[in-house]
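Protein chains in written order, with the numbering used here: chain A, 223 to 506; chain B, 223 to 506; chain C, 28 to 636; chain D, 28 to 636.
Input: a single structure, listed below in structure tokens.
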Amino acid sequence: MPELEEFRGQNPAWCPGCGNLQILRTFKLAMVALGIEPHEITIVSGIGQAGKFPHYTRCNTFNGLHGRTLPVAQAIHLVNHEMRVLAVAGDGDCYGEGGNHFLHAMRRNLNITLFVHDNQVYGLTKGQASPTTSEGTVTGTQPFGVLYEPLNPMALAVAMDCSFVARGFSGNQEQLQKLMQAALEHKGFALLDILQNCPSYNKINTMQWYKERCYPVGPDHDPSDREAAFRVALEFGDRIPTGVIYRHPRHTLEEAMPEIANREPLVRQPFSQEDVAGETERYY
Amino acid sequence: MPELEEFRGQNPAWCPGCGNLQILRTFKLAMVALGIEPHEITIVSGIGQAGKFPHYTRCNTFNGLHGRTLPVAQAIHLVNHEMRVLAVAGDGDCYGEGGNHFLHAMRRNLNITLFVHDNQVYGLTKGQASPTTSEGTVTGTQPFGVLYEPLNPMALAVAMDCSFVARGFSGNQEQLQKLMQAALEHKGFALLDILQNCPSYNKINTMQWYKERCYPVGPDHDPSDREAAFRVALEFGDRIPTGVIYRHPRHTLEEAMPEIANREPLVRQPFSQEDVAGETERYY
Amino acid sequence: MEYTIRTGGQAGQGLQTIGSVLAKLFARSGFQVFTHQDYMSRIRGGHNYYQVRFADHSISSSRSLVDILIALDRTTVEEHRDSMTPGGLIVYDPATVKEKYGPEGFLEIPFRQIAMDTAGNRLMENTVAVGAIMGMLGMELQTLEELLTETFVRKGREVVDQNISAAKAGSDFARKNCGDCAFDIAVTPPAGAENNDSGASAKTDSTNSAKSVTETDSASPASSKKMLLDGTVAVGLGALISGCRFYSAYPMTPSTGVMNFMADQSRKHSLVVEQAEDEIAAINMAIGASYAGVRSMTGTAGGGYALMVEGLSLAAMTETPVVIFVGQRPAPATGFPTRTEQGDLLNLAHSSHGEFPRVILAPGSPEQAFYLTGKAFDLAEKYQVPAFILSDQYLADTEWTLDGLDAGGIPYHDYRLRAGDLEKVETYRRHAYTESGVSPMAEPGASRHLVVTDSDEHDEDGHLVEDAETRNRMVDKRLLRKLPLLRDEISPPLLHGNEHPETVICCWGSNYGVVMEAVDRLGESENIAMLHFSEILPFPGTKEFDYLHVLREAKKTVCVENNATSQFAHLMRAETGFVFGAHVNKYDGRPFMLDELLDELRKVGEAHA
Amino acid sequence: MEYTIRTGGQAGQGLQTIGSVLAKLFARSGFQVFTHQDYMSRIRGGHNYYQVRFADHSISSSRSLVDILIALDRTTVEEHRDSMTPGGLIVYDPATVKEKYGPEGFLEIPFRQIAMDTAGNRLMENTVAVGAIMGMLGMELQTLEELLTETFVRKGREVVDQNISAAKAGSDFARKNCGDCAFDIAVTPPAGAENNDSGASAKTDSTNSAKSVTETDSASPASSKKMLLDGTVAVGLGALISGCRFYSAYPMTPSTGVMNFMADQSRKHSLVVEQAEDEIAAINMAIGASYAGVRSMTGTAGGGYALMVEGLSLAAMTETPVVIFVGQRPAPATGFPTRTEQGDLLNLAHSSHGEFPRVILAPGSPEQAFYLTGKAFDLAEKYQVPAFILSDQYLADTEWTLDGLDAGGIPYHDYRLRAGDLEKVETYRRHAYTESGVSPMAEPGASRHLVVTDSDEHDEDGHLVEDAETRNRMVDKRLLRKLPLLRDEISPPLLHGNEHPETVICCWGSNYGVVMEAVDRLGESENIAMLHFSEILPFPGTKEFDYLHVLREAKKTVCVENNATSQFAHLMRAETGFVFGAHVNKYDGRPFMLDELLDELRKVGEAHA
Ligand SMILES: Cc1ncc(C[n+]2csc(CCOP(=O)(O)OP(=O)(O)O)c2C)c(N)n1
Ligand SMILES: Cc1ncc(C[n+]2csc(CCOP(=O)(O)OP(=O)(O)O)c2C)c(N)n1
Ligand code: SF4
Ligand code: SF4
Ligand SMILES: [Mg+2]
Ligand SMILES: [Mg+2]
């Protein structure tokens with residue numbers, strides 16, 4: 223069993239009071255609780271404050287490009303489906319720059335997990351609006367305020383039939399740890415959108431603001447009911463539902479792909495030139 | 223009033239029996255019915271069979287890159303909000319290569335129209351799976367068949383609160399013309415996904431296949447009810463609803479943007495260097 | 028002896044079937060074959076053609092003139108009737124073409140009627156056409172029968188038999204009605220056809236990088252069954268035999284063929300092929316797969332590559348090997364989707380922000396494509412850099428005959444640290460400084476060692492840093508140390524023809540075949556040689572072969588390129604200072620025909636005389 | 028007389044406020060000012076600094092040595108204590124730094140305590156610090172008071188007064204406790220500070236492209252209030268005055284400043300600024316806006332530009348004018364997000380598939396940035412080509428003083444056909460063949476004429492075609508005709524220093540200032556000149572000024588670049604054949620300091636002596 227200490231990485235360069243610090247702490251607890259060793263997981267991250275995440279713990283790490291976490295994460299899992307793969311992205315990363323990959327990763331439904339550190343702002347680049355920034359928010363780049371509706375990741379994920387859709391909040395560590403564990407244990411593509419305060423740039427959706435609004439969906443909510451899930455997903459305002467919003471267990475891509483289904487991971491399947499050399503014969 | 227003849231363009235290079243031919247014909251009828259002159263509209267298209275569309279009628283035309291219709295279309299409208307702008311894309315174009323623009327165009331809600339010629343296949347590049355190709359479809363690139371769920375553009379658009387969401391079918395010209403007119407007349411971003419047979423490469427979703435399944439949503443469907451719309455949007459199989467699925471009239475971006483709201487189009491607002499030269503003063 | 032048969036018609040009429048079956052037939056009969064295709068970006072209609080040239084001697088290009096034109100529609104007759112050789116024949120079915128021509132220069136064959144009569148099936152008309160050509164050439168039908176059997180056996184004996192009778196009927200009809208045909212491959216070559224096997228030019232082909240160019244060395248007529256390969260399949264086979272296990276791409280002409288080849292192979296071999304949602308995903312997936320521990324590849328054309336550029340820099344910064352196949356086509360933007368150009372060389376040489384080593388290999392023939400694909404995989408992995416295979420529509424679609432391919436000629440060494448190797452390692456650092464600049468590359472998850480990498484500047488452990496000293500050391504490691512080692516791996520260009528030439532015709536990539544044949548032709552009367560570059564970056568040094576000396580000694584140097592701005596010449600000057608005396612450029616989307624190039628070279632010669 | 032004041036501390040401590048207020052104060056007091064910044068990619072913490080150099084003579088670079096260091100934390104003291112000039116002082120507040128140093132070389136000032144005592148507000152500590160510096164330098168507070176009033180007047184009189192008292196208290200404290208300070212700007216320059224206004228070097232600055240370089244010509248101390256401008260605002264002002272009406276971008280350091288500038292201007296002027304979902308959308312929007320009839324622009328850094336490459340080729344093929352601002356930073360991939368490099372030149376020169384003309388302008392100073400932005404807009408629209416403004420983090424963040432900017436120095440001509448012009452036109456063809464290659468560009472919707480364009484190859488009407496002849500004519504029109512005309516618009520490089528130099532130091536873009544100052548310094552004892560390229564593509568010809576002659580006549584030629592592979596030198600060789608004798612490269616993410624460059628140049632000199 224791994225110890226918490228094994229997950230100590232570099233010193234975080236995040237601002238004091240940043241929700242990322244709580245997410246990091248919770249993640250380490252989840253890893254210990256699940257008994258996952260550092261080398262058994264690969265974290266793929268993008269660029270942004272959230273993108274620095276894997277450096278602050280210990281794990282296999284591919285800290286790639288802004289917006290491009292998911293293609294890398296999916297390929298790693300296709301090549302080694304015994305490797306746990308966690309993609310960590312910011313809201314700009316995942317819903318802005320990387321929006322197209324997000325759509326298609328939900329379709330592919332590989333057994334990987336995605337954490338979106340959703341601070342409703344571009345943190346690293348100093349406070350521009352992100353796709354989840356509330357309408358009306360004024361920034362240096364949006365002098366008249368954001369002039370259109372934010373993207374609702376929960377509704378979008380339900381519409382895309384994402385196989386696990388959940389929302390957490392950095393300020394509710396207990397629930398967040400459970401959600402992280404559920405997402406990591408879910409077989410299929412699991413989205414965990416984590417509301418995260420950014421004291422430096424998001425002066426609207428503060429820790430207090432979230433605290434006042436976030437509530438856990440009750441036991442009466444049936445995450446397997448897609449229409450109900452959509453209804454819950456649409457709620458974002460005075461009250462913000464957290465917890466597992468939608469769950470649709472179904473076959474993963476690695477289970478459907480004959481090259482790897484019920485076989486050793488591709489990376490461990492033997493290769494020899496002789497096995498393939500005969501393919502030239504057809505061309506005589 | 224324009225005559226049908228005014229919309230005659232180059233000879234189509236589409237295959238005989240291609241649904242695009244019917245879409246083209248219907249479009250011209252819609253233009254005449256709406257009384258729009260060729261120079262009053264700009265069609266922005268991508269690359270693919272659908273992308274050739276504007277060359278086969280007469281209009282201002284920006285036939286851009288594969289997947290990039292919407293950014294160009296939106297900018298044209300921002301610069302000249304009195305210009306009608308129609309974006310024409312293929313299913314690969316819009317939901318594959320251009321997926322991210324699609325998401326964010328729905329958010330921006332400019333007063334433009336989008337036709338997606340949805341033949342559930344990549345036509346121009348000879349039959350690979352598109353994002354809307356049904357699971358299981360075998361192609362030269364998908365030898366084991368498509369291994370995951372297709373993207374449901376209707377559900378996605380409802381989740382994104384797209385202000386007008388409709389589905390048409392190239393084989394139902396009467397309804398299609400009405401939908402085209404409704405989409406073009408709608409104030410806000412209007413998505414019209416047009417199911418279109420591709421006799422050359424889509425041997426599954428044939429004209430006959432669509433004919434057997436497509437049915438118009440009844441008058442009992444209330445397109446302003448988002449949850450009901452979502453329910454209808456999820457239906458795609460033995461029965462395929464067509465018609466207006468969702469409608470959410472709300473302010474458009476051009477109405478919210480002070481530089482152009484209630485003003486002349488940007489392109490006609492006067493510019494003189496003197497008006498701006500004084501901005502250098504601040505730097506003394 | 029040599030003939031050119033062009034089959035023209037609309038997309039969807041089956042001209043590709045006719046062309047490819049003919050090509051295969053000639054190759055199996057032991058001839059040298061060279062084919063190329065010309066088609067529009069549409070699925071049905073338009074005007075396309077498929078050209079098959081075959082000979083009993085070395086050929087490596089297409090000619091403008093046609094001996095037999097199979098016209099499937101009127102446009103074909105109109106567009107190509109001026110391209111017939113004296114004595115050439117236009118073969119057509121008036122029922123299809125809906126017009127009557129001739130009789131001089133035309134041979135009417137009722138393909139459709141014969142198909143209906145013999146097989147009761149209109150669809151057999153293409154088989155009738157192929158049979159007819161066999162008849163016109165006086166060729167036996169045995170090889171065709173074998174081929175038809177192979178092709179249709181899955182559809183049942185009946186279909187095979189129908190095809191065979193259709194072919195026979197076509198052949199019989201032709202033999203009967205073409206008594207005066209001048210085509211007879213059993214007899215001596217017809218007037219005007221040249222045999223340059225005895226060409227006096229000394230070849231120094233052994234200096235070539237990619238194996239010796241056997242496809243052009245054998246010239247005994249009808250000697251033995253040959254391999255027939257296009258540039259697409261050659262790259263696919265090369266990748267497969269190099270151990271490529273992951274291919275992700277987004278369809279784009281002229282690269283889709285490689286993806287389809289790999290997809291087909293994935294039905295039999297351990298190989299994952301994934302169609303990505305866009306090219307950005309495609310290259311990022313290929314990089315992810317490589318990080319995870321397998322050889323990976325992506326492929327695209329210029330417009331799709333434009334979207335991969337950021338990924339290229341990611342591969343470079345994370346030192347993740349990746350092989351990128353780029354099929355050039357006329358640009359900018361969408362350009363001519365189904366045509367050819369060499370317009371992306373400088374783009375590939377310099378694309379992406381920042382500085383890092385890269386490999387660009389531009390094969391000139393299917394054979395080179397096979398071996399250079401192998402080299403691309405090897406160098407990418409050995410040096411942990413991105414490696415390009417730079418092709419174009421012309422090379423992708425042209426078929427060449429060759430005696431065979433040697434899988435053993437493709438190096439395969441697994442440079443990664445696997446579970447066993449990692450046991451012995453005490454501390455593992457993904458980006459450790461080393462003498463060569465190449466750091467140990469471990470398979471993540473294969474041991475307790477963590478594999479950490481970052482698109483930001485990083486330290487030896489792969490963690491993000493910002494200090495100047497680490498930056499300097501990393502640039503040193505990643506770029507300055509690797510570069511000279513990599514350059515040493517690059518083979519010099521191939522000098523073909525006279526060893527001390529007065530005239531040097533320089534070319535690169537897919538112009539290899541046509542320039543070689545032109546030089547051989549001119550070599551009969553001139554002191555001339557071809558200098559062909561197939562390994563372009565790092566730019567070849569002169570240690571092994573001082574090609575600059577050859578160029579400087581020559582009286583006349585000409586650079587032949589399928590582009591408007593002489594991109595290779597630009598690179599040559601930047602890298603070596605050498606300036607060519609003259610340029611031949613073509614940028615209309617079509618490849619050089621042999622006679623056309625000869626004309627151009629003569630014009631250049633006169634201008635400089 | 029000259030001093031360097033460096034303010035160091037953690038992100039979020041307000042060192043940027045201190046630095047920028049000081050810079051503005053000195054500029055308003057009539058000094059020559061040059062500032063630069065060094066910061067990490069993080070929002071709070073880490074180590075950053077802001078350096079202000081000011082003098083009574085021309086300066087255009089930063090030095091390594093510091094006269095006054097304002098240390099806001101311990102790290103600042105540790106990292107910079109070795110960089111102090113003799114007699115220099117480290118000013119700090121032990122309460123903030125949580126450590127006591129000195130007394131030699133240190134001056135303790137309880138910023139926080141003074142702020143609390145005078146204004147009852149901790150937040151005033153930065154104002155105290157600024158006041159203290161004024162006191163140390165023996166400067167009057169009037170200008171500071173004006174500045175504080177301007178800055179805080181919106182927050183009310185009380186805040187203004189609090190700030191003014193805080194500043195006064197800081198100043199008083201410093202005057203009292205720094206009796207032995209050697210800094211006195213009213214008196215003669217301190218030992219070691221040099222005054223090279225009398226530099227013997229003849230300047231041929233008038234050959235410069237972008238207006239004459241007035242910012243370095245005036246050298247009378249404290250003569251008059253000066254303008255203080257960084258490279259970011261300079262580009263923004265240039266774009267605004269060029270008539271840019273549409274700016275779409277995705278945030279990316281170091282280009283975001285231009286977007287924010289434009290966004291701010293959109294509050295007052297007819298200008299739409301839209302944050303795109305990604306860089307692909309950003310450039311496609313800019314192209315769409317331009318097609319629709321207004322001047323448009325996008326901006327990004329290397330990694331974002333990588334995603335714009337396909338859009339570049341779209342602009343080229345559709346002949347849609349677009350201006351692209353690229354701020355370079357160390358790469359590949361994410362690299363060092365907040366640092367500087369000149370690593371993207373060859374990338375920009377050759378990026379994207381296919382062949383087309385492009386303009387690359389690389390300003391060396393804010394003043395050049397202003398005028399060259401104007402030139403970029405003019406050329407883009409006149410020739411319907413993409414034009415780049417190539418900057419970097421260093422230029423974006425450095426402030427220079429200048430006497431003023433002349434809006435009239437930016438050409439403005441509306442090249443588009445508007446409603447009135449179109450009335451007279453009978454048949455309109457968007458891509459009509461013309462002598463110059465430039466076709467008439469109409470505003471869509473302004474008349475009944477249709478404006479049709481296509482990313483595929485097209486005919487004069489803008490419709491998709493596939494024939495070879497049209498292709499040839501379009502390449503001719505789009506590329507071959509425009510290119511020479513465009514080249515004629517390019518100004519030659521600037522020769523600064525001796526007109527017949529024995530040594531030529533060549534540079535491009537943002538190295539202008541530091542190389543100029545180094546050359547001026549060396550010019551006192553050597554026959555030397557700087558050759559600076561700010562207009563790079565099309566590569567300048569030699570008609571107007573035969574710079575190649577100057578280079579060839581020189582005994583020693585050195586190319587100074589902020590990259591590892593000497594990209595400009597590569598381009599120079601490719602374009603002109605000229606090979607530099609030596610190179611000075613720096614690629615650690617930091618700009619050249621004056622003394623560092625002087626050392627490097629001396630080393631190179633000795634190696635070649
Ligand atoms: C291609 C590209 N475009 C832009 C950037 C600049 N950039 C870095 S992080 C970021 C956005 C950060 O926002 P988010 O993803 O929400 O992460 P956060 O910092 O808020 O955690 C941007 C725009 C980049 N690195 N690469
Ligand atoms: C960047 C880029 N990638 C790929 C292509 C090749 N391409 C052209 S059209 C097309 C897909 C066509 O499918 P769809 O959009 O559904 O249109 P259809 O032909 O079916 O109407 C592709 C992949 C391209 N032109 N540009
Ligand atoms: S800017 Fe915001 S998200 Fe980034 S580290 Fe600071 S508080 Fe956290
Ligand atoms: S390939 Fe399909 S979509 Fe394209 S023109 Fe032919 S039938 Fe229509
Ligand atoms: Mg964020
Ligand atoms: Mg389609």
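Ideal Cβ placement from N, Cα and C applies to all residues, glycine included.
>> With the cut-off set at 8 Å, would you say E394 (chain C) and L429 (chain C) are in Cβ contact?
In response: yes
> For T367 (chain C) versus I351 (chain C), is the C-beta distance shorter than 8 Å?
Replying inline: Cβ distance not < 8 Å, so T367 (chain C) and I351 (chain C) don't count as in contact.
> Given a limit of 7 Å on CB to CB distance, which residues of the segment 570-604 of chain D reach chain C?
Replying inline: N590, A591, T592, H597, R600, A601, G604
> Going by the CB atoms, is the gap between G320 (chain B) and L292 (chain B) shorter than 8 Å?
Replying inline: yes
>> Quick check for students: name the residue ranges of the alpha helix (DSSP H) that lie wholly in the segment 157-219 of chain D, counting only runs of 4 or more.
In response: 169-179, 184-204
>> What does the Cβ neighbour count give for G35 (chain C), buried or exposed, with the cut at 16 atoms within 10 Å?
In response: Around the beta carbon of G35 (chain C), 16 or more other beta carbons sit within 10 angstroms, so the residue counts as buried.
> What's the C-alpha gap between A308 (chain D) and V349 (chain D)?
Replying inline: 14 Å
>> Using a Cβ-based criterion (distance less than 7 Å to any ligand heavy atom), does D188 (chain D) qualify as near ligand 5?
In response: no
> For I426 (chain B), does the count of other Cβ atoms within 10 angstroms reach 16, so buried, or fall short, so exposed?
Replying inline: exposed
> Whole-angstrom Cβ separation of A381 (chain B) and A388 (chain A), contact assumed at under 8 Å?
Replying inline: Rounded, the Cβ-Cβ distance is 16 Å, inconsistent with contact.
> Using a threshold of 7 Å, is the CB atom of Q430 (chain B) nearer than that to any non-hydrogen atom of ligand 3?
Replying inline: no
> Can you tell me whether K182 (chain C) is buried or exposed, with buried defined as 16 or more other CB within 10 angstroms of its CB?
Replying inline: Counting the other Cβ atoms within 10 Å of the Cβ of K182 (chain C) gives fewer than 16, which makes it exposed.
> Say the cut is 7 Å; is the CB of G393 (chain B) nearer than that to a heavy atom of ligand 4?
Replying inline: no
>> At 3 residues or longer, what runs of the beta strand (DSSP E) sit wholly inside the segment 538-576 of chain C?
In response: 555-560, 562-564
>> Would the segment 379-386 of chain D count as touching the segment 556-572 of chain D if we require 3 or more Cβ pairs under 8 Å?
In response: yes
> Per DSSP, which one or two residues make a beta bridge with R69 (chain C)?
Replying inline: DSSP output for R69 (chain C) lists no bridge partner at all.
> Of all the residues that make up the segment 361-386 of chain A, which are near chain B by a beta-carbon distance shorter than 8 Å?
Replying inline: F366, L369, Y370, E371, P372, L373, N374, A377, L378, V380, A381, M382, D383
> Which residues bound the alpha helix (DSSP H) around V386 (chain C)?
Replying inline: Where V386 (chain C) is concerned, there is no enclosing alpha helix (DSSP H), although the beta strand (DSSP E) it sits in stretches over 386-388.
> For the putative contact between G39 (chain D) and I70 (chain D), defined by C-beta atoms under 8 Å, what is the C-beta separation to the nearest angstrom?
Replying inline: About 7 Å separates the two Cβ atoms, so the contact holds.
> Taking any Cβ of chain A, which residues in the segment 307-322 of chain B have a Cβ under 9 Å from it, in chain order?
Replying inline: Y317, G318, E319, G320, G321, N322
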